[in-house]
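I have placed the structure first, in the form of structure tokens, so that the comments after it can refer back to it.
Chains as they are written, first to last, in this note's numbering: chain U, 177 to 291; chain X, 701 to 812.
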């Protein structure tokens, strides 16, 4: 089975711009979660989508948004980029909703640099 | 609030056992994870344990859970240089869906 894929892998943007990151979960997985990883704050939960619905949200400003499509692929968007948004953005997929699995599998991440 | 604490560094000799410790505060944690991250990579799921278990063994990995003290440990037997990485402990609550709370990570250095 192919793993979680994230595109692009690297991105450089300018302050004030917006960015869209994409995540394709493992085939058959319906839940996608997003995390931000920075040296200062570590790994922080952004939001989770399940069957196209946002099911949980972390403590991030409204500039961070996401969505999920009917094929379970997910995108996250960050508008009005700030220098502090520079981070590794990780996506995780799981087949949550099944009785038997709580495993979350992570993709390689998108490294976003804001200049 | 929810918090997960880990020591930041651990150095061991190749062939020794490594023990990475983690404490957490959320008593409603339903399942607890160990992830490994190598430089420039995402997180690799190593193992997880349900809160109603005390121990789980998976090849060279042994996870111990002391629910009373909210303490989780990961023991790696016969540690190899390829085990050098950052190890993250994370907790999840069934009622919180996919939200995991991560520790800061423990950097394991294995010396030959």
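Here a beta-carbon is modelled for each residue, glycine too, at the ideal position from N, C-alpha and C. Just so you know, these numbers come straight off a predicted model, no measurement behind them.
Exposure label - residue i; buried when at least 16 CB within 10 Å
i	result
residue 252/U	buried
residue 810/X	buried
residue 704/X	buried
residue 788/X	buried
residue 777/X	exposed
residue 802/X	buried
residue 641/X	In the structure as shown, chain X starts at 701 and stops at 812, and residue 641/X therefore has no counterpart that could be examined.
residue 750/X	exposed
residue 185/U	exposed
residue 276/U	The predicted position of residue 276/U is uncertain, since its pLDDT is 48 and thus under 50; no value can be drawn from it.
residue 718/X	buried
residue 248/U	buried
residue 203/U	exposed
CB contact check: residue i to chain U, cutoff 8 Å
i	result
residue 799/X	yes
residue 715/X	no
residue 709/X	no
residue 746/X	no
residue 808/X	no
residue 759/X	no
residue 765/X	no
residue 724/X	no
residue 743/X	yes
Collapsed DSSP secondary structure at residue i in the structure displayed
i	result
residue 795/X	helix
residue 276/U	Below a pLDDT of 50, predicted positions are generally treated as unreliable, and residue 276/U, at 48, falls in that range; the measurement from the model is reported next regardless. It is coil, neither helix nor strand.
residue 271/U	coil
residue 747/X	strand
residue 778/X	coil
residue 257/U	coil
residue 758/X	strand
Cβ pair residue i, residue j closer than 8 Å
i	j	result
residue 245/U	residue 222/U	no
residue 281/U	residue 208/U	no
residue 182/U	residue 284/U	yes
residue 224/U	residue 745/X	no
residue 262/U	residue 290/U	yes
residue 781/X	residue 709/X	no
Proximity test, Cβ basis, 8 Å: residue i and chain X
i	result
residue 232/U	yes
residue 197/U	no
residue 240/U	no
residue 212/U	no
residue 219/U	yes
residue 249/U	no
residue 265/U	no
Residue i beta carbon near the ligand ADP (any heavy atom closer than 7 Å)
i	result
residue 784/X	Looking for the ligand ADP in the displayed structure turns up nothing, as the structure carries no ligands at all.
Mind checking the segment 769-794 of chain X against chain C and listing, in chain order, the residues whose C-beta falls within less than 9 Å of any C-beta there? Given the protein chain composition of this structure (U and X), no chain C is represented.
What are the start and end residues of each continuous beta strand (DSSP E) run of 3 or more residues lying completely inside the segment 203-232 of chain U, in chain order? Entirely contained in the segment 203-232 of chain U, the beta strand (DSSP E) runs reaching 3 residues are, in chain order, 207-214, 218-226.
Secondary structure, beta strand (DSSP E): runs of 3+ residues fully inside the segment 709-736 of chain X: Within the segment 709-736 of chain X, the runs of beta strand (DSSP E) at least 3 residues long that lie entirely inside it are, in chain order, 709-713, 718-724.
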